[in-house]
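Protein chains in written order, with this note's numbering: chain X, 2 to 82; chain G, 4 to 233.
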């Protein structure tokens, strides 16, 4: 089944990329008070069991996809895959 | 092998300072030997390890995040656990942090720019195997060249490192946004050291500052002390 892992800089962690993007958006004239830049990983996982997939995705996020010191992550499983 | 300690310099795909590390170690009296990321073991007689600078695995995902899964890293972890001295420079520092052998993580420089400059770091602690000839307060001029050298640890971690003497080097000036201007840290046992500045580029007067000498000499001295593998 398909899943998406979204990785974000943790709350309170300085995000230089996000600040630059926010600044650029303001330069374009948009009323933007903040922007944060994260990462998205689409994954096709070889199981049809949502619980099993969730558990595996949770582990991959902790062990590789995100660095828990500075990043948080959310997992989105695609329905009916 | 005479009196020169054998120091393994590990080449990952994308390492680019391995050659300079070999030259600098040889210049300072060690016996450098190349090791390959896919090796399952360190070379026989290895008494010290260098993880050099570069862009291992293209810095994909996060700097150092993929390199930590290289086969040789199991051997490096075991070597470190047995007390062997391990030095990570720049990308090598990033790898050691991602591998959990050193505390913290290296993030994008606050100014978002890649910085290439000679900087001054101060020795902050002599509580490590590398510090036999260091003095607290000693200032070393060593070049940096990195885009992700902004060391980060949360308040609790920083307080623990400061209290435990694990902050080895601090930048005199804030160069990249690193918490506490931290330029280099050691593990709790004091036998793993990582720093963003490049000591291997600062060993010959003809070519510029020589602040790298005490850092690499510290590794060589540490490599003379503990048991070797193999």
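Every residue, glycine too, gets a C-beta built ideally from N, C-alpha and C.
Contact set between residue i and chain G, taken where Cβ atoms lie within less than 9 Å
i                     : result
residue 17 of chain X : 110, 111, 112, 113, 114, 115, 153, 180
residue 21 of chain X : 115
Interface residues of chain X facing residue i [CB-CB closer than 8 Å]
i                      : result
residue 192 of chain G : Result: empty, since nearest Cβ-Cβ is about 20 Å, beyond 8 Å.
residue 70 of chain G  : Ordered by position in chain X, no residue passes the 8 Å Cβ test against residue 70 of chain G, which lies about 12 Å from the chain.
Where residue i falls: helix, strand or coil (DSSP)
i                      : result
residue 34 of chain G  : strand
residue 184 of chain G : helix
residue 19 of chain X  : helix
residue 120 of chain G : strand
residue 213 of chain G : coil
residue 51 of chain X  : helix
residue 58 of chain X  : helix
residue 12 of chain G  : strand
residue 218 of chain G : helix
Buried or exposed by the 16-neighbour rule on C-beta atoms within 10 Å, applied to residue i
i                      : result
residue 29 of chain G  : exposed
residue 74 of chain X  : buried
residue 178 of chain G : buried
residue 69 of chain X  : exposed
residue 61 of chain G  : exposed
residue 119 of chain G : exposed
residue 24 of chain X  : exposed
residue 159 of chain G : exposed
residue 161 of chain G : buried
residue 31 of chain G  : buried
residue 4 of chain G   : Residue confidence for residue 4 of chain G is low, a pLDDT of 46 falling below 50, so the modelled location carries little weight and cannot support an answer.
residue 47 of chain G  : exposed
residue 20 of chain G  : buried
residue 63 of chain G  : exposed
residue 85 of chain G  : exposed
residue 218 of chain G : buried
residue 56 of chain X  : exposed
residue 16 of chain X  : buried
residue 47 of chain X  : exposed
residue 232 of chain G : Here the model assigns residue 232 of chain G a pLDDT of 48, short of 50, so the residue's position is not dependable, and the following value carries that caveat. With 16 or more Cβ atoms within 10 Å of its Cβ, residue 232 of chain G is classed as buried.
Interface residues of chain G facing residue i [CB-CB closer than 7 Å]
i                     : result
residue 71 of chain X : 108, 110, 155
residue 7 of chain X  : The premise fails here: residue 7 of chain X is roughly 14 Å from chain G at the closest Cβ pair, so nothing lies under 7 Å.
Beta-carbon neighbours of residue i, restricted to chain X and to distances below 7 Å
i                     : result
residue 65 of chain G : 68
Enumerated in chain order, which unbroken segments of the alpha helix (DSSP H) with a length of 4 residues or greater are wholly contained in the stretch 57-103 of chain G?
75-84, 94-101
For the pair the stretch 68-87 of chain G and the stretch 113-122 of chain G, tell me if three or more CB-CB distances fall below 8 Å.
No, they do not touch.
If you scan the stretch 124-203 of chain G from start to end, which runs of the beta strand (DSSP E) of 3 or more residues do you find wholly inside it?
As for any beta strand (DSSP E) of minimum length 3 sitting wholly inside the stretch 124-203 of chain G, the runs are 142-149, 153-155, 170-174, 185-189, 195-198, ordered along the chain.
Would you call the stretch 208-215 of chain G in contact with the stretch 179-199 of chain G, where contact means no fewer than 3 C-beta pairs closer than 8 Å?
With a cut-off of 8 Å, the stretch 179-199 of chain G and the stretch 208-215 of chain G do not count as touching, because too few Cβ pairs lie within range.
Three or more C-beta pairs under 8 Å: does that hold for the stretch 11-24 of chain G against the stretch 48-58 of chain G?
By the Cβ rule, the stretch 11-24 of chain G counts as touching the stretch 48-58 of chain G, because three or more pairs are nearer than 8 Å.
Would you be able to state if there are at least three C-beta pairs under 8 Å between the stretch 92-108 of chain G and the stretch 127-136 of chain G?
no
Cβ contact check for the stretch 3-21 of chain X and the stretch 97-106 of chain G: 3 or more pairs under 8 Å:
The stretch 3-21 of chain X is not in contact with the stretch 97-106 of chain G.
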